[in-house]
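Colleague:
There are 2 protein chains.
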Amino acid sequence: MESTFGIIAEPNRRAILSLLASSEQSVSEIEHRLRMPQPSVSKHLRVLREAGFVEARVDAQRRVYRIRPDPLREVDAWLAPFRRFWSTHVDALERHLDRMDQAPPRKGTKRKKGKKR
Amino acid sequence: MESTFGIIAEPNRRAILSLLASSEQSVSEIEHRLRMPQPSVSKHLRVLREAGFVEARVDAQRRVYRIRPDPLREVDAWLAPFRRFWSTHVDALERHLDRMDQAPPRKGTKRKKGKKR
DNA sequence: CAGGTATATACTTGTGTGCGTATATACCTG
DNA sequence: CAGGTATATACGCACACAAGTATATACCTG
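Residue numbers (the working numbering), protein chains in the order written: chain R, 49 to 165; chain L, 49 to 165.
Below, the structure written as structure tokens:
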């Protein structure tokens, strides 16, 4: 029932995703960092997992969760037609990226610049 | 209570936004094209308007609605940290957008954080 | 002004869903 | 095996909200 957008409508789930964006985390780590009750964390993680936003790796009794990008990519794709409203010359770049999306994955070039905000 | 994300969680509202992405439309045009009851359209438009997603231009008895990009931009910004999961050299795009963020007049609210109540 | 069109609002109802509390399951260590 | 830790699930409740129906407001045309 819950669509991709419905799922990220929940603030706590967005918080979990944002936390996982930096690095994978176990349930208790999430629980502690976001200061939210453990059943709540587990339940949100279940929703996120079943919708494909995250996946779990088992490490002894811990489950370490990490991002799976596909659903967020869908959001990104939905957003595409609106980008022209705030970006004038990104259009070309966008088409460029579109073409790149189906290009074979190439590894090696990531985050070479420390330009974070 | 309705956040930016909560608002686009509604499929009909997304449909309205997508329709408006192509060009501005009157209420009855939306009603007809999306085949949804008029009160529903008006109500969704109200929500979208109050949240800043759209604005209305008055033309006689008609109200012609058009996109206002700011809230969607916020979504786009939230998405930014995740892009590295599916794009290798989109970093260029990111820097590009970063630069762009401070280029236009004003509107510097990035980094929208909110997890407490 | 009447009649018609276009849009907005009021009110009710049903359903979904997040939360809290309690408990169950799984695994590790001694 | 016992005891502890880590995570998942069950259940009840309260509340937000989308949809439907009916009605109100605004404006245009004759």
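For glycine and all other residues, C-beta sits at the position ideal for the given N, C-alpha and C.
Where does L/I56 fall in DSSP's three states?
Modeller: Numbered from 1 along the second sequence, position 8 holds the residue referred to as residue 56 of chain L. DSSP places L/I56 in coil when its eight states are reduced to three.
Colleague: Checking 8 Å against the spacing of the C-beta atoms, do L/P117 and R/F133 come in under that value?
Modeller: As a first step, residue 117 of chain L is located in the second sequence; it is residue number 69 there, counting from the start. As a first step, residue 133 of chain R is located in the first sequence; it is residue number 85 there, counting from the start. Yes, the pair counts as a contact, with Cβ atoms nearer than the cut-off.
Colleague: Thinking L/S74 and L/R131 are a contact (beta carbons under 8 Å), I'd like their distance in whole angstroms, please.
Modeller: Position 26 of the second sequence, counting from 1, holds the residue named residue 74 of chain L. Position 83 of the second sequence, counting from 1, holds the residue named residue 131 of chain L. Not a contact, Cβ separation roughly 36 Å.
Colleague: Quick check: what's the CA-CA separation for L/N60 versus L/S76?
Modeller: Within the second sequence, residue 60 of chain L is the residue found at index 12, counting from 1. Within the second sequence, residue 76 of chain L is the residue found at index 28, counting from 1. The straight-line gap from Cα to Cα measures roughly 15 Å.
Colleague: Give me the Cα-Cα distance between R/K91 and L/P87, rounded to the nearest whole angstrom.
Modeller: For the purposes of this step, residue 91 of chain R is taken as residue 43 along the first sequence, with counting starting at 1. For the purposes of this step, residue 87 of chain L is taken as residue 39 along the second sequence, with counting starting at 1. When rounded, the distance between both Cα atoms is 36 Å.
Colleague: State the beta-bridge partners of R/I115 as determined by DSSP.
Modeller: Indexing the first sequence from 1 puts residue 115 of chain R at position 67. Looking at the DSSP assignment, R/I115 forms a beta bridge with R/V102.
Colleague: Going by C-alpha to C-alpha distance, which of R/E122, R/I64, R/D124, R/R105 sits closest to R/M84?
Modeller: Walking along the first sequence from the start, residue 84 of chain R turns up at place 36. With distances taken between Cα atoms, R/M84 lies closest to R/I64.
Colleague: With 9 Å as the C-beta to C-beta threshold (strictly closer), list the residues of the stretch 95 to 129 of chain R near chain L in chain order.
Modeller: I115, R116, P117, D118, L120, R121, V123, D124, W126, L127, P129
Colleague: So, are the CB atoms of L/R113 and L/E50 less than 8 Å apart?
Modeller: On the second sequence, position 65 is the one that residue 113 of chain L refers to. On the second sequence, position 2 is the one that residue 50 of chain L refers to. Looking at the sequence provided, one finds Tyr at residue 113 of chain L rather than Arg. Against a cut-off of 8 Å, the Cβ pair of L/E50 and L/Y113 comes out as no contact.
Colleague: Measuring straight from C-alpha to C-alpha, what distance separates L/E79 and R/L93?
Modeller: Here residue 79 of chain L corresponds to residue number 31 of the second sequence, with the count starting at 1. Here residue 93 of chain R corresponds to residue number 45 of the first sequence, with the count starting at 1. Taking the straight line joining both Cα atoms gives about 37 Å.
Colleague: In the structure shown, what three-state DSSP assignment does R/S74 receive?
Modeller: The count along the first sequence starts at 1 and reaches residue 74 of chain R at position 26. Three-state result, R/S74: strand.
Colleague: Quick one: is R/R81 near chain L, going by C-beta distance under 8 Å?
Modeller: Residue 81 of chain R sits at position 33 when you count from the first residue of the first sequence. Chain L contact via Cβ: absent.
Colleague: Would L/D124 pass as a contact of R/L120 if the rule is Cβ separation under 8 Å?
Modeller: Here the question's residue 124 of chain L lines up with position 76 in the second sequence. Here the question's residue 120 of chain R lines up with position 72 in the first sequence. No, the pair does not count as a contact, with Cβ atoms beyond the cut-off.
Colleague: At 7 Å on the CB atoms, spell out the chain R contacts of L/S56, in chain order.
Modeller: Start at 1 with the first residue of the second sequence, and residue 56 of chain L comes out as number 8. The question names Ser, but residue 56 of chain L is Ile in the sequence shown. F53, listed in chain order.
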